[in-house]
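The listed protein sequences derive, respectively, from chains A and B.
Under this note's numbering, the first residue of the first sequence is numbered -7, with each subsequent residue one higher.
Under this note's numbering, the first residue of the second sequence is numbered -7, with each subsequent residue one higher.
Positions of the beta carbon are idealized from the N, C-alpha and C atoms, including for glycine.
Input: a single structure, listed below in structure tokens.
2 protein chains.
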Amino acid sequence: MCVGIVGLGLIGGSFARAYRSLGATVYALDTDRDTMDASMIETVEAPLDDASIPSCDLIILAAYPQACLEWLEEHAEILGRISDPDTSRGPIVIDTAGVKEAVCARAFELARVNGFAFVGTHPMAGTQYSGFAHARADLFRGAPMVLVPPETDDARRLTLLDRVHTLLAPIGFGSFSVTSPEEHDRVIAFTSQLAHVVSNAYVKSPTARAHHGFSAGSYRDLTRVAHLNPGMWAELMMDDAKNLSQEIASLIEALDAYRLALDAGDRDRLRMLLAEGDRIKRALDDEASSA
Amino acid sequence: MCVGIVGLGLIGGSFARAYRSLGATVYALDTDRDTMDASMIETVEAPLDDASIPSCDLIILAAYPQACLEWLEEHAEILGRISDPDTSRGPIVIDTAGVKEAVCARAFELARVNGFAFVGTHPMAGTQYSGFAHARADLFRGAPMVLVPPETDDARRLTLLDRVHTLLAPIGFGSFSVTSPEEHDRVIAFTSQLAHVVSNAYVKSPTARAHHGFSAGSYRDLTRVAHLNPGMWAELMMDDAKNLSQEIASLIEALDAYRLALDAGDRDRLRMLLAEGDRIKRALDDEASSA
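As structure tokens, this is what we get:
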């Protein structure tokens, strides 16, 4: 098996190490020369270029979204030349960005026009660290993997999903789910981006400096993802700005209800607000455990 | 050693089981007859009453704040009669409420007027479950314990803190810190109450129902404490309403800045907001690890 990787950050580097540990040949590309040199010591066989692309079964775009699209624009023609969607010949190209509408709209179009296979993906794993130095072969072990296939007829869609599943399964993902770019971005604005914004905003209270000695577990959980890569997240969030803005507005509205109850000294109202959140949380947990 | 406990919920019940497992004699009181019966099978020796109070070294008030103060009003006279602050004779009474100003103001007064020893405490442990059935002897193992002594001369204060530390240390707390009721309530509004409000409000987004299949670890962390005891938390939060309302307002203001940057399509501003939170979080983590 041969795997090509564009961008050797935490995600791309972890894919490289994971496939290498499975015995695959890995070709890769990174704009940073030191990263490139480090990766070629024991992980990457050779640069990903027009010579190595044709031997790849899977090409993983793991740079920032814009850089991934630029690579795809530049290589759409060669990818089309070595592929035949009718016979499943040629590599499957996937991206790994945390937002899907912005990337998939253009990538689906390039794949359709040039005749190669592309599936959007979002491997839901990460750490607060970034870069190849922190990449780990087991980063994706047990993690959820979201697949975002193009709109096409059912038979071709199933074949495509089956091929990408077969290529990705050895990495050890905990689950696979399939969704549309729009649904993905709506959900991710809530489960991931809003969580990072809230955590990042939480520590800005003037009281944050004063809590040493008795911070609770709840505080640690709430602020765990306050530490993040600002450039990467700003790009992801801006690509999903409408959904995320709505989620922030919705949360602000919900928070304000508690504040009003506190200011009014209305304990019954506060208890009802807390009971409502408790009820929703229990219902969600029940659904999740019976899913 | 003899320990008296008022209220056999999660906290009182866990103190009862912890001291019993250390070989202490435990007297206790709960308004619920089934809890009382269950506790007397293997944990509690006999009810805490005028007959058993004089033999106690430590009396732990672990009911809701108002109920604790009522018990203290009713027993202030007998506690004074068996105590001598000058010779450290008589039990030390502690409460365990999550807010300290409301309870300590009255309890310090009762202790001073009647001549018995009282120290406010806040054991920072808990689970999302409540009640004696979930009480565990190891609930406090490694947990931070906050002590809130009365304003008095330094020598008496040190003696009091030393006595209460000696009585509580065998339980296995991870750390002890000493603060004032006002400072405690200001910090706890931020580290604990705000975390519960945010978590409880977070799940109220209409999107919460749609995320199954790909929720991230950040979502699980953010919503862990959404499940809570609404009656208890409404009482705690109402007793700390001013501080908590300020923290909610401060968080709303911080969140709104991200929303405005998103709506304006201002990626640089969004990146700066994220970088600011990241910087503060790293500074806090550095302080905590060097403390």
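Worksheet item: Among all the DSSP beta bridges, which residues are the ones paired with A:Asp76?
Response: A:Arg81
Worksheet item: Rounded C-beta distance between B:Phe34 and B:Glu93? I'm assuming under 8 Å.
Response: The residue asked about is misnamed: residue 34 of chain B is Glu in this sequence, not Phe. About 37 Å separates the two Cβ atoms, so there is no contact after all.
Worksheet item: Taking Cβ positions only, does B:Ala208 come closer than 7 Å to chain A?
Response: yes
Item to complete: Could you tell me which residues DSSP puts in a beta bridge with B:Asp87?
Response: B:Leu53 and B:Gly112
Worksheet item: Do the region 5 to 17 of chain B and the region 156 to 170 of chain B touch if we need at least three Cβ pairs shorter than 8 Å?
Response: yes
Worksheet item: What is the DSSP secondary structure of B:Phe165, counted as helix, strand or coil?
Response: coil
Discussion item. Suppose contacts are defined by Cβ-Cβ distances below 7 Å. Is B:Val27 in contact with B:Phe124 by that definition?
Written reply: Note on identity: in this sequence residue 27 of chain B is Thr, with Val being the wrong assignment. It is a contact, given that the beta carbons lie within the stated cut-off.
Discussion item. Quick check on this structure: which residue in A:Glu227, A:Ala10, A:Ile45 and A:Leu220 has the alpha carbon closest to the alpha carbon of A:Arg133?
Written reply: A:Ala10
Worksheet item: Going by other Cβ atoms of all chains shown within 10 Å of its Cβ, with 16 needed for buried, is A:Thr158 buried or exposed?
Response: exposed
Practice prompt. Please work out which residues of its chain come closer than 6 Å, Cβ to Cβ, to A:Ala127, disregarding the five sequence neighbours upstream and downstream, and give them in chain order.
Written response: Leu2, Gly5, Ser6 and Arg9
Worksheet item: From A:Thr119 to A:Ala218, what distance separates their C-alpha atoms?
Response: 12 Å
Worksheet item: Just the Cα atoms here: how many angstroms apart are A:Ile52 and B:Ser191?
Response: 35 Å
Fill in: Inter-residue Cα distance where the pair is A:Val170 and B:Asp232
46 Å
Discussion item. What does the Cβ neighbour count give for A:Tyr19, buried or exposed, with the cut at 16 atoms within 10 Å?
Written reply: buried
Practice prompt. Name, please, each residue of chain B whose Cβ falls closer than 8 Å to the Cβ of A:Gly257.
Written response: Met230 and Ala233
Worksheet item: A:Leu20 lies in the beta strand (DSSP E); which residues open and close that run?
Response: A small correction: the amino acid at residue 20 of chain A is Ala; Leu does not occupy that position in the sequence shown. Segment Thr17 to Leu21, the beta strand (DSSP E) holding A:Ala20.
Item to complete: For A:Glu93, decide whether its Cβ has a neighbour in chain B, counting only Cβ atoms nearer than 7 Å.
Response: no
Discussion item. Short of 8 Å in beta carbon distance, which residues of its chain neighbour A:Ser167, apart from the five on each side in sequence? Order them along the chain.
Written reply: Pro136 and Met137
Worksheet item: Does the separation of the CB atoms of A:Val284 and A:Leu50 fall below 7 Å?
Response: This structure leaves residue 284 of chain A out entirely; chain A is present only between -7 and 283.
Discussion item. Considering only the alpha carbon of each residue, which of A:Pro77, A:Glu37, A:Asp29 and A:Leu220 lies closest to A:Asp145?
Written reply: A:Pro77
Practice prompt. Specify the secondary structure class of B:Gly257 as computed by DSSP and reduced to three states.
Written response: coil
Worksheet item: Within the 7 Å Cβ cut-off, does A:Leu61 reach chain B?
Response: no
Worksheet item: Can you tell me the Cα-Cα spacing of A:Arg259 and B:Met224, whole angstroms?
Response: 11 Å
Worksheet item: Which runs of the alpha helix (DSSP H) fall wholly inside the region 164 to 234 of chain A and span at least 4 residues, in chain order?
Response: 173 to 180, 186 to 194, 209 to 215 and 222 to 230
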